[in-house]
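In UniProt numbering, the protein residues as written are 1 to 120.
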């Protein structure tokens with residue numbers, strides 16, 4: 001991931017060891033809705049659902065694509081991703097930034113140790 005992007009959004013990905021069940025992969029950003037949104041996805045879902053939606057939105061000038069997890073809803077268009085918390089708009093970021101962040105989160109999820117691994 002681009003270092004400027006990491007700085008812009010204060011991105012940190014953490015492997016936190018939780019005694020009861022193992023490693024929990026946790027994202028941190030300066031946008032709570034972005035953090036909650038990322039945390040609600042696993043690598044397979046990112047590959048099969050979210051990244052294709054982002055790519056479709058980037059390729060279509062006049063489209064809006066909606067996606068969500070248990071926490072946050074987003075509307076993706078060619079230029080911006082709009083975040084909604086409890087059906088209220090909260091913030092937006094450029095779609096290209098969002099794509100890079102999602103790809104970085106996906107790469108982190110696939111790196112060792114994997115989620116639910118018993119040791120770091």
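Positions of the beta carbon are idealized from the N, C-alpha and C atoms, including for glycine.
This structure is a prediction, so every number in the text was calculated from the model and none was measured.
Assuming residue i contacts residue j under a Cβ cut-off of 8 Å, what Cβ separation, rounded to an integer in Å, is found between them?
i          : j          : result
residue 56 : residue 65 : 6 Å
residue 78 : residue 58 : 6 Å
residue 80 : residue 92 : 5 Å
I'd like to confirm the pairing. Which residues does DSSP put opposite residue i in its beta bridges?
i          : result
residue 13 : 27
residue 80 : 94
residue 89 : 84
residue 68 : 73
residue 22 : 18
Please state if the CB of residue j and the CB of residue i are separated by a distance shorter than 9 Å.
i           : j          : result
residue 36  : residue 72 : yes
residue 83  : residue 33 : yes
residue 54  : residue 99 : yes
residue 39  : residue 27 : yes
residue 101 : residue 1  : yes
Report all residues from its chain with a CB closer than 6 Å to the CB of residue i; omit the five preceding and five following residues, and keep chain order.
i          : result
residue 16 : 24, 26
So which of the options has the shortest CA-CA distance to residue i?
i           : options         : result
residue 108 : 20, 18, 4, 41   : 41
residue 46  : 11, 105, 112    : 105
residue 94  : 86, 21, 74      : 74
residue 70  : 86, 61, 62, 60  : 86
residue 6   : 21, 61, 20, 103 : 103
Can you find the residues in the same chain that come closer than 8 Å, C-beta to C-beta, to residue i, ignoring five residues on each side of it along the sequence?
i          : result
residue 44 : none
residue 96 : 58
residue 89 : 82, 83
residue 10 : 28, 29, 30
For residue i, which residues from the same chain have a beta carbon less than 7 Å from its beta carbon, with the 5 sequence-adjacent residues on both sides left out?
i          : result
residue 61 : 78
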